[in-house]
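Participant: I'd like to ask you about the structure that follows.
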Amino acid sequence: MNSNSKFHKFAALNNIKIHPFMSDNTLSHFINKLPKAELHLHIEGTFEPELMFKIAERNGIKTKYDSVAHLKQAYRFNNLQEFLDIYYEGAGVLLHEQDFYDLTWAYLTQIHKENVVHTELFFDPQTHTDRNVPFDVVIKGIKRALEDGESKLGITYKLIMSFLRHLDEASAFKTLEAAKPYKDWIDAVGLDSSEVGNPPSKFERVFKACREEGFLLVAHAGEEGPAEYIWEALDILNIDRIDHGNRCLEDDKLVERLVKEQMALTLCPLSNLELKVITDMKQHPVLDMMEKGLLVTVNSDDPAYFGGYMDANFMAVAEALHMTKTQVATLAKNSFTASWLPKTDIEKHHKAIDALLVEMC
Ligand code: ADE
Ligand code: ZN
């Protein structure tokens, strides 16, 4: 008998009323209460339709959708590109610093409800600068919300500037120049957008320059693209973490290397399902990867488009793969291990997770 059921028996025998919080031993409650870090999140991918309509209206922009329901109907994707087309279109209504603030603040208030206590999030400057929205407008709005999130909600953060890989090297270098005055606000650079046909090697020189500027480096690799792109991200870009990385499983030597280096993979289960990387959540590789010794984390990617934030992603894999609470807790611990928080903070979060596991198992 575990400690919780002992407590229930004791309470029943002694006529003690149990508070609903104390009695809720469900997996969803456990997932919600777990402290978590999010390491793969595109702020533009948190743009909920309701907020999109509100901002479009105040900016005098008419969208091609006449209602939230109509817009949501467009959220059916057969692949990454179909999603990206809608995602860039949605971001097109963001014009002013306050728009970027509101977008980021909405995300932070949502994750606060889910006990996400640390986030390392992407923003895609070129999505906005290509529409003549200045770099400083974008970053100032996001940064102000992140500062408020830390002071008012206690959520710590790192900011990752992501290059759009369907654009050319020159555009990435131009973005790096625009970012230099804000260097202290940016912790890392990333690489996202249309993967197939745009290998990491296309950005070798950009990533070298970013490393010289002192940024940490990450790249989306092996989401739709082949295992070869993961090798390139490791050997040519010298990245510190891999975003997605699902297709590493096609290459035993690569898995061996990733395990040996404890190179973290930021997996995104609901994204994988919605973008047809998998056809059923039961096929999700997260558990298989854990069993192989890979350092895997669970993240939401673009939650407004894929049907859920962190709790929903944890719940989706936990249910589909019949995970134990210990396995779920390991994923939460991995999220801090793979983060760029100081060691003492990582240990503090690990201890809190261990304590919750004892309390709720
Ligand atoms: N941009 C936003 N979400 C993305 C994803 N899942 N893959 C590549 N680029 C993206
Ligand atoms: Zn992503």
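Counting from 1 along the sequence shown, just add 195 to a position and that's the residue number in my numbering. By construction, the Cβ of each residue, glycine as well, lies at the ideal position given by its N, Cα and C atoms. Predicted model only: the values in this text are computed from it and were never measured.
1) Kindly list the residues whose CB is nearer than 8 Å to the CB of L222, restricted to its own chain and excluding five residues on each side of it in sequence; keep chain order.
2) If you measure between the beta carbons of L298 and F242, is that distance less than 8 Å?
3) List the endpoints of the continuous beta strand (DSSP E) containing V472.
4) Entirely within the stretch 415 to 456 and at least 3 residues each: give me those beta strand (DSSP E) ranges in chain order.
5) Do you know how far the Cα of K353 is from the Cα of H323?
6) Quick one: is the Cβ of H479 within less than 7 Å of any heavy atom of ligand 2?
7) If you draw a straight line from the alpha carbon of K347 to that of H307, how long is it in whole angstroms?
8) Quick one: residues in its chain with C-beta nearer than 7 Å to the C-beta of E277, no 5 flanking neighbours on either side, listed in chain order?
9) When the Cα atoms are used, what is the spatial distance from L490 to K259?
10) By Cβ distance below 7 Å, which residues in the same chain neighbour S389 in space, the five residues on each side in sequence not counted?
11) With a threshold of 6 Å on Cβ separation, who are the neighbours of A527 within its own chain once the five nearest residues in sequence on each side are excluded?
12) Any idea if Q321 is buried or exposed, counting beta-carbon neighbours within 10 angstroms, 16 or more meaning buried?
13) Could you tell me whether the Cβ atoms of D446 and V413 are closer together than 8 Å?
14) Give the DSSP-derived three-state secondary structure of D363 in the structure shown.
15) Could you give the DSSP three-state label for M247: helix, strand or coil?
16) Assess, as a yes-or-no matter, whether the stretch 249 to 257 is touched by the stretch 299 to 318 under the definition of 3 or more beta carbon pairs within less than 8 Å.
17) If you follow the beta strand (DSSP E) that K231 is part of, which residue opens it and which one closes it?
18) Compare the Cα-Cα distances from A286 to each of I250, M484 and V312 and report the closest residue.
19) Using the C-alpha atoms, what's the distance from T539 back to V312?
20) Heavy atom of ligand 2 less than 7 Å from the Cβ of H361, yes or no?
21) Would you tell me roughly how many angstroms separate the C-alpha atoms of S198 and L551, rounded to the nearest one?
22) Any chance the CB of Y270 is under 7 Å from a heavy atom of ligand 1?
23) Starting from E315, follow the beta strand (DSSP E) in both directions and report where the run begins and ends.
24) Name, in chain order, the residues that DSSP records as bridge partners for Y377.
25) State the Cα-Cα distance for the pair E372 and V391, rounded to the nearest angstrom.
26) With a CB to CB cut of under 7 Å and the five nearest residues on each side skipped, what residues in its chain are close to K397?
27) If you draw a straight line from the C-alpha of E451 to the C-alpha of P329, how long is it?
28) Considering only heavy atoms of ligand 2, list every residue whose Cβ is less than 6 Å from one of them, following chain order.
29) Between which two residues does the alpha helix (DSSP H) containing D549 stretch?
30) Are L449 and I425 close, meaning C-beta to C-beta below 8 Å?
31) What's the gap between the Cα of V472 and the Cα of V454?
32) Once you ignore the five residues that flank M505 on each side, which residues in its own chain have a CB closer than 6 Å to its CB?
33) With hydrogens ignored, establish whether the beta-carbon of S466 is closer than 7 Å to any heavy atom of ligand 1.
34) Taking 6 Å as the limit between beta carbons, can you name the residues of its chain near F225, skipping five residues before and five after?
Facilitator: By the coordinates alone:
1) The answer, listed in chain order, is M510, A513, E514, K520 and V523.
2) Taking 8 Å as the Cβ cut-off, L298 and F242 qualify as a contacting pair.
3) V472 -> no beta strand (DSSP E), and no H or E assigned at all.
4) 436 to 439, all fully within the stretch 415 to 456.
5) Rounded to whole angstroms, the gap between the alpha carbons of H323 and K353 is 20 Å.
6) In this structure, the C-beta of H479 stays at least 7 Å away from each heavy atom of ligand 2.
7) Answer to the nearest angstrom: the Cα atoms are 10 Å apart.
8) So no residue of the chain qualifies.
9) Cα to Cα, L490 sits roughly 42 Å from K259.
10) Counting only Cβ-Cβ distances below 7 Å, and skipping sequence neighbours, we find L275, Q276, L279, R360 and H361.
11) Excluding sequence neighbours, A527 sits near L229, K231 and I548.
12) With 16 or more other Cβ atoms inside 10 Å of its own Cβ, Q321 counts as buried.
13) Taking C-beta atoms as the reference points, D446 and V413 fail to come closer than 8 Å.
14) Looking at D363 - three-state DSSP - the assignment turns out to be coil, as it is neither helix nor strand.
15) The answer is helix: DSSP assigns M247 an H, G or I state.
16) No, because fewer than three Cβ pairs between the stretch 299 to 318 and the stretch 249 to 257 fall closer than 8 Å, the two stretches do not touch.
17) Run containing K231: K231 to E233, per the beta strand (DSSP E) assignment.
18) Check the Cα spacing between A286 and each of I250, M484 and V312: the tightest is with I250.
19) The straight-line gap from Cα to Cα measures roughly 15 Å.
20) False, no ligand heavy atom lies under 7 Å from that Cβ.
21) With a pLDDT of only 43 at S198, under 50, the local geometry of the prediction cannot be trusted, and the value read off the model is given with reservation. Approximately 12 Å between the Cα atoms of the pair.
22) No, the beta carbon of Y270 sits no closer than 7 Å to any heavy atom of ligand 1.
23) Boundaries of the beta strand (DSSP E) around E315: V311 to F318.
24) BP columns for Y377 are empty, so no partner.
25) Taking the straight line from one Cα to the other gives about 27 Å.
26) Same-chain partners within the cutoff: R360 and E364.
27) About 43 Å.
28) This criterion selects H235, H237, D387, H415, D438 and D496.
29) The continuous alpha helix (DSSP H) containing D549 extends over residues K538 to M555.
30) Taking a C-beta distance under 8 Å as the contact criterion, L449 and I425 qualify as a contact pair.
31) If you take the alpha carbons of V472 and V454, they lie about 22 Å apart.
32) Counting only Cβ-Cβ distances below 6 Å, and skipping sequence neighbours, we find K231, E233, E309, V311 and S495.
33) It does: the Cβ of S466 is within 7 Å (strictly closer) of some heavy atom of ligand 1.
34) For F225, where only same-chain residues beyond five positions count, the Cβ hits under 6 Å are K520 and M555.
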